[in-house]
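The sequence shown begins at 320 in the numbering used here and counts up one residue at a time.
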Amino acid sequence: MEEIREDNILRRMKKLSLLISVKIDQIFMENDLTAAQSEVLIFLLSEEAGQEMFSGDLHMELGISKAAVSMQLKKLRQKGYIILQTSSGDDRLKHIRLTDKARQMKQELDGKMKAFMKGIYRGFSEADYEQLSQLTDRMLENLNAWERTAGERQKIQEATL
320 MEEIREDNIL RRMKKLSLLI SVKIDQIFME NDLTAAQSEV LIFLLSEEAG
370 QEMFSGDLHM ELGISKAAVS MQLKKLRQKG YIILQTSSGD DRLKHIRLTD
420 KARQMKQELD GKMKAFMKGI YRGFSEADYE QLSQLTDRML ENLNAWERTA
470 GERQKIQEAT L
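Structure follows, in structure tokens:
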């Protein structure tokens, strides 16, 4: 795309993100979970099989700040969904363990997310879904490349000062 049109795709994407968050908050309200907490908990439940999980892993996998991860883990711990154990090798590392309460909710949470996904993608063909997935992946790659380039420029500027 040689000339970038000024349109409202990014604005619509932001609105979509906000609406998704509000809807997920509503869906998981009866479980006393926010959208952010449910995202973390569902990820932990899906990754549990034989894999150690630390807060840094969540930061990288979910693409949320370390502070946000810490806050969500604190809330999930307070609600009895997880236990945080200090790593034997490094006191800064907290190993995340799911409680029985969390494991018992897996099927319910998965069902609610499946129903939500079915609703949000209603009317999409498999090709539509794949195309949307590829386009959003490309946008993420472009943003990551831009961020790396900006970081490299910053390092060069700092080195020349």
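Yeah, the Cβ is synthetic: ideal placement off N, Cα and C, and Gly gets one too.
Source: prediction; values computed, not measured.
*Exposed or buried, E358, counting other C-beta atoms within 10 Å across all chains shown (16 or more means buried)?*
buried
*R416 beta carbon less than 8 Å from that of I551*: Past the boundaries of the shown model lies residue 551; the chain is included only from 320 to 480, so the question cannot be answered.
*Considering only C-alpha positions, which residue in the set E449, G470, M432, S452 is nearest to N481?*
With the chain covering 320 to 480 only, the question about residue 481 has no answer from this structure.
*Less than 8 Å separating the beta-carbons of T418 and G399?*
yes
_Going by beta-carbon coordinates alone, are K413 and L403 separated by less than 8 Å?_
yes
*What did DSSP end up calling F443 once you bin it into helix, strand or coil?*
coil
_Pop quiz: R391 and Q423 are said to be a contact at Cβ under 8 Å. What is the actual Cβ separation, rounded to whole angstroms?_
This sequence places Gln at residue 391; Arg is not what is there. That pair is no contact at about 20 Å.
_With distance defined between alpha-carbon atoms, name the residue in L451, S365, G442, W465 nearest to A421._
S365
*Please report the residue range of the alpha helix (DSSP H) in which K342 lies.*
328-347
*In terms of residue numbering, what span does the alpha helix (DSSP H) encompassing Q397 cover?*
385-397
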